[in-house]
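Protein sequences, first through last, are from chains A and B.
Here the first sequence is numbered in the numbering used here, starting from 11 and rising by one per residue.
Here the second sequence is numbered in the numbering used here, starting from 11 and rising by one per residue.
Think of the CB as a built atom: it goes at the ideal place given N, C-alpha and C, for glycine as much as any other residue.
Please read these numbers as outputs of a predicted model, since none were measured by experiment.
Number of protein chains: 2
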Amino acid sequence: MARAATTTDAFNAVAEPRRREILDLLVDGERPVGDMVGQLGMSQPLVSKHLRVLREVGAVEVREEGRRRLYRLNAEALRPIHDWVSGYERFWSGRFGRLDAVLEDLKRREGSGGDGGGSKEG
Amino acid sequence: MARAATTTDAFNAVAEPRRREILDLLVDGERPVGDMVGQLGMSQPLVSKHLRVLREVGAVEVREEGRRRLYRLNAEALRPIHDWVSGYERFWSGRFGRLDAVLEDLKRREGSGGDGGGSKEG
DNA sequence: TTGATACATAACTATATAGTTATGTATAAT
DNA sequence: ATTATACATAACTATATAGTTATGTATCAA
C-alpha cells in the first residue's frame, strides 16, 4: 500500500509546508491566486495545485470574480487536527509540564507487571 | 519531487492514522510492542515500522527491558503542530465563532480593490 | 479581431511510501 | 543445547505524490 492521498483529510493536506503557508496567508482574508504567487514565491501552477488539494479537504473555498478566483480560508476543516493534538497539550503546558506524563507513567507501571523496586536512583 | 518523507517532521508522521492511534495508546503510559499489537490489531512488523517513524521524529522514546522494548510518549514533538493549528482556533471557538473570519475578510476587502457595494443581501 | 491577463490542468519523472511475508537477533525458559 | 518469545529489519510492490513545462479556457482591453 502506498501512502494515503494528500486529499484524504486535513492531516495529510497540511503535512506539506507550502500548503500551510497558503493557509497562513488566507488568515488575513480572501486573496486571488496571483497575489499568493507573488507573496510565496512559488510558480503559479504549483500554487493552483496546492489550492486544489486544500479545496478538496475543505480547508479553502473559492469565489469567482471576473477572471480571478478569490480563495478564502475555511478553518473548520482544521478542527479535527486541533481536537486531536489538544489531547496532548497537558503534557507541556499548564503548571505541571512534564509531571503529568510521569504520573501517567507511574499509574500504568503499577497497574501492569510492576517489577517491584524502582526507587533505587533516589 | 516526491512527497516529503514521513520522518521529515511531526506533521508528516502523524498524517498516518495508525500512528496517531499508537500515540493515543501511549498517553496512558509506556507499553511494550506486543501490547500495542494486541490493542491495535495490526501486524507486529507494521507496528514496529510505525514506531520507527515516530521515534525518528521524536514523538516516542524507547527503553529496553530484557527482551522487551518499552515505548513511551514524548508529546513535546507534537508541539509544533499544536502551535500552528492553534492560530486557527479563534475561527471556530470563543464567543465569536465565524464572526472573526468575516471581520478579517472585510478588513482585507477594504484594503485592496473593494468592489463597493456588498450589503445587498441585508 | 487580436492580444493580454488570470488561472486551471495535462503530461512527465523520481521517490518514498504502507503493508505483507520472510528472516535475523537477543533474551528467556526447559 | 534446544525451543520459545519479543522485537527489528529486509525484500518486495503498487501508488500517489511535488514540482516543472507546456497548453487550455475564460475574461478584459484596444
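Just how far apart, CA to CA, sit residue i and residue j?
i: Met11 of chain A; j: Pro27 of chain B; result: 14 angstroms
i: Val47 of chain B; j: Gly39 of chain B; result: 16 angstroms
i: Gly97 of chain A; j: Gly76 of chain A; result: 44 angstroms
i: Gly126 of chain B; j: Gly51 of chain B; result: Confidence is the limiting factor: at Gly126 of chain B the pLDDT is only 29, short of 50, which leaves the residue's position unreliable, though a coordinate-based value still follows. So the two alpha carbons sit approximately 59 angstroms from each other.
i: Val37 of chain B; j: Leu83 of chain B; result: 7 angstroms
i: Arg65 of chain B; j: Thr16 of chain A; result: 23 angstroms
i: Arg89 of chain B; j: Glu99 of chain A; result: 8 angstroms
i: Leu80 of chain A; j: Glu86 of chain A; result: 18 angstroms
i: Val43 of chain B; j: Ala23 of chain B; result: 18 angstroms
i: Arg29 of chain B; j: Trp94 of chain A; result: 12 angstroms
i: Leu56 of chain A; j: Ile32 of chain A; result: 11 angstroms
i: Ser58 of chain A; j: Asp19 of chain B; result: 24 angstroms
i: Gly121 of chain B; j: Gln54 of chain B; result: Reliability of the predicted coordinates at Gly121 of chain B is poor, the pLDDT of 46 falling under 50, and no value is obtained from them.
i: Glu74 of chain B; j: Arg41 of chain B; result: 11 angstroms
i: Arg62 of chain A; j: Ser103 of chain B; result: 26 angstroms
i: Val70 of chain A; j: Ala14 of chain B; result: 22 angstroms
i: Val67 of chain A; j: Phe101 of chain B; result: 17 angstroms
i: Val72 of chain A; j: Arg78 of chain B; result: 52 angstroms
i: Ile91 of chain A; j: Ala25 of chain B; result: 10 angstroms
i: His60 of chain B; j: Phe21 of chain A; result: 16 angstroms
Taking residue i as the query, report the chain A residues whose CB atoms sit under 7 angstroms from its CB, ordered along the chain.
i: Tyr81 of chain B; result: Neighbours of Tyr81 of chain B on chain A: none; closest Cβ ~12 angstroms, over 7 angstroms.
i: Leu88 of chain B; result: Val95 and Tyr98
i: Arg29 of chain B; result: Ordered by position in chain A, no residue passes the 7 angstroms Cβ test against Arg29 of chain B, which lies about 10 angstroms from the chain.
Can you pull the chain A residues whose beta carbon is under 9 angstroms from the beta carbon of residue i, in chain order?
i: Val172 of chain B; result: Nothing in the structure corresponds to residue 172 of chain B, since chain B is present only between 11 and 132.
Can you tell me which residues form a DSSP beta bridge with residue i?
i: Leu83 of chain B; result: B:Val70
i: Glu26 of chain B; result: Answer by DSSP bridge pairing: none, since Glu26 of chain B is not bridged.
i: Glu75 of chain B; result: B:Arg78
Quick one: which chain B residues come within Cβ less than 8 angstroms of residue i?
i: Arg91 of chain A; result: Residue identity check: residue 91 of chain A is Ile in the sequence provided, not Arg. Within chain B, the residues near Ile91 of chain A are Ile91 and Val95.
If the cut is a Cβ gap below 7 angstroms, which residues of chain B does residue i touch?
i: Arg77 of chain A; result: The contacting residues do not exist; Arg77 of chain A stays about 13 angstroms from chain B at best.
i: Val24 of chain A; result: Phe21
At a CB-CB cut-off below 9 angstroms, which residues of chain B make contact with residue i?
i: Arg13 of chain A; result: Arg13, Thr16, Ala25 and Glu26
i: Arg73 of chain A; result: Going along chain B, no residue has its Cβ under 9 angstroms from Arg73 of chain A, so there is no contact; the nearest lies around 11 angstroms.
Which parts of the region 32–65 of chain B are runs of the beta strand (DSSP E), unbroken and 3 residues or longer, counting only runs that do not cross its ends? As far as the region 32–65 of chain B is concerned, it has no whole beta strand (DSSP E) run of at least 3 residues.
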